[in-house]
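Protein chains in written order, with this note's numbering: chain F, 549 to 717; chain G, 7 to 122.
Read the structure below first, then the notes.
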Amino acid sequence: MDIVESSYTGFLDDAEVYDALEQMWLSWFNEIAIEHDILLAPFFNNLNADGEKIRDANPIFSGLEPSKNRLLRILQIPKEEVEEIYIQGWTDVFGAEEEEEGIEELVIDLVLSDTAKVIAKEWIIKWLVEAIDREEMEEILEEESVLVEEEDAIDPNAENLPKRDQMSL
Amino acid sequence: MGEQKKKKHRGRWQAQGGGLEKSEAWSQDEPLSKEDGLDLLHKLKEQLSERELKEREQLFEQAERFVNNAQGVDAHFSRSFRSRKKRGIRVDLEIKAGSAFVVFIGLILLFIWLMK
Numbered sequence: 549m550d551i552v553e554s555s556y557t558g559f560l561d562d563a564e565v566y567d568a569l570e571q572m573w574l575s576w577f578n579e580i581a582i583e584h585d586i587l588l589a590p591f592f593n594n595l596n597a598d599g600e601k602i603r604d605a606n607p608i609f610s611g612l613e614p615s616k617n618r619l620l621r622i623l624q625i626p627k628e629e630v631e632e633i634y635i636q637g638w639t640d641v642f643g644a645e646e647e648e649e650g651i652e653e654l655v656i657d658l659v660l661s662d663t664a665k666v667i668a669k670e671w672i673i674k675w676l677v678e679a680i681d682r683e684e685m686e687e688i689l690e691e692e693s694v695l696v697e698e699e700d701a702i703d704p705n706a707e708n709l710p711k712r713d714q715m716s717l
Numbered sequence: 007m008g009e010q011k012k013k014k015h016r017g018r019w020q021a022q023g024g025g026l027e028k029s030e031a032w033s034q035d036e037p038l039s040k041e042d043g044l045d046l047l048h049k050l051k052e053q054l055s056e057r058e059l060k061e062r063e064q065l066f067e068q069a070e071r072f073v074n075n076a077q078g079v080d081a082h083f084s085r086s087f088r089s090r091k092k093r094g095i096r097v098d099l100e101i102k103a104g105s106a107f108v109v110f111i112g113l114i115l116l117f118i119w120l121m122k
């Protein structure tokens, strides 16, 4: 199994580890951004009303690509919740109202691993660089998502999970 | 006819994935309270068939827990409570404008004062 999360074990319970993980995702995305001449502007708020950061990795990384007017959200779950490679994606529209179309977004949910990062990078390039349409993106996501088998799924409400994990789910 | 002024606090809950797209939205002058947020979540549940609800039972519980633990959040804000087993099966929270799940400090202080 190519889990590379070991440096970030317990990220939902330790603010320092969480912030390091967040930084890792930022650096990882910056490499893609430089390589493909894109950028991601802050869009989603991730603070409580009292200004405290919400460290639930839902999302762990996000932003708006202004030239394409498309959103990206990456959600991460701890490796304890699955036993194999896990990555899934879907597209959505944020903020659609009667008179407004909203902003298209790609959402990627994963357990951190080399394999998941390679797949996520390919999806992000398709979405933010090549700007393929939603229908085509959905076909790719359907084909390439690696989900949890029923028997491997661990109940997120299980009592043996860290308390912070249960709160943040 | 002039454009109708939008309310300051807007957002929606959505149950999506597997061909489903149901939502419960709010649009109001005051921040959405936790209680009203939970009411809307329950209304969304009521829109679902037995099968659709079964697939999302734990996800609704997670969403409810999120609201109960929230300390007030401001737009733009998004949370996805998702299945690990079926792609895209989820309950989404979307705050497009304003605030939601606010804790009314004034009420808390009044309560503390009354308890003295």
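Each residue gets a CB set at the ideal place from its N, CA and C atoms; glycine is no exception.
Proximity winner among G/Val97, G/Leu120, G/Ala106, relative to G/Leu65 (alpha-carbon distances)
It is G/Val97.
Would you kindly work out how many angstroms separate the C-alpha atoms of G/Gly23 and G/Glu36, rounded to a whole number?
So the two alpha carbons sit approximately 31 Å from each other.
Chain G contact residues for F/Lys597, given Cβ-Cβ distances below 7 Å:
Checking the sequence shown, residue 597 of chain F turns out to be Ala, not Lys. Within 7 Å of the CB of F/Ala597, the CB atoms of chain G belong to Gln77, Gly78, Val79, Asp80, Ser105, Val108, in sequence order along the chain.
Which residues, taken in chain order from the region 85-99 of chain G, show a beta carbon closer than 8 Å to some beta carbon of chain C?
The structure shown contains no chain C; its protein chains are F and G.
Measure from the alpha carbon of F/Leu574 to the alpha carbon of each residue in F/Ile633, F/Glu697, F/Leu620, then state which is nearest.
It is F/Leu620.
What are the residues of the region 670-689 of chain F that lie near chain G, defined by any Cβ-Cβ distance shorter than 8 Å?
If the cut-off is 8 Å between Cβ atoms, the region 670-689 of chain F has Leu689 near chain G.
Residue span of the alpha helix (DSSP H) that contains G/Ala69, given as start and end:
56-75 is the extent of the alpha helix (DSSP H) around G/Ala69.
Starting from the beta carbon of G/Lys102, find every residue of chain F whose beta carbon is closer than 8 Å, and list them in chain order.
Counting only Cβ-Cβ distances below 8 Å, G/Lys102 has contacts in chain F at Phe642, Gly643, Glu645, in chain order.
Thinking C-alpha only, which one of F/Val659, F/Tyr556, F/Asp562, F/Lys627 is nearest F/Ile635?
The residue from F/Val659, F/Tyr556, F/Asp562, F/Lys627 with its alpha-carbon nearest to that of F/Ile635 is F/Val659.
Do F/Glu698 and F/Thr639 have their beta-carbon atoms positioned less than 7 Å apart in this structure?
No, the pair does not count as a contact, with Cβ atoms beyond the cut-off.
Examine the Cβ distances between the region 36-50 of chain G and the region 651-669 of chain F and report whether three or more of them are shorter than 8 Å.
Proximity of the region 36-50 of chain G to the region 651-669 of chain F falls short of the contact definition, fewer than three beta-carbon pairs being nearer than 8 Å.
Which residues bound the beta strand (DSSP E) around G/Ser29?
Here the beta strand (DSSP E) through G/Ser29 covers 26-34.
Proximal residues to F/Ile602 (C-beta, below 8 Å), its chain only, five neighbours per side dropped:
The residues are Asn594, Leu595, Asn596.
Write down every uninterrupted run of the beta strand (DSSP E) in the region 605-683 of chain F whose length is 3 residues or greater and which is fully enclosed by it, in chain order.
Considered as a whole, the region 605-683 of chain F harbours 609-613, 618-624, 635-642, 651-658 as its complete beta strand (DSSP E) runs of no fewer than 3 residues, in chain order.
Tell me the rounded alpha-carbon separation between F/Ser693 and G/Ile95.
Each residue's Cα considered, the two are about 13 Å apart.
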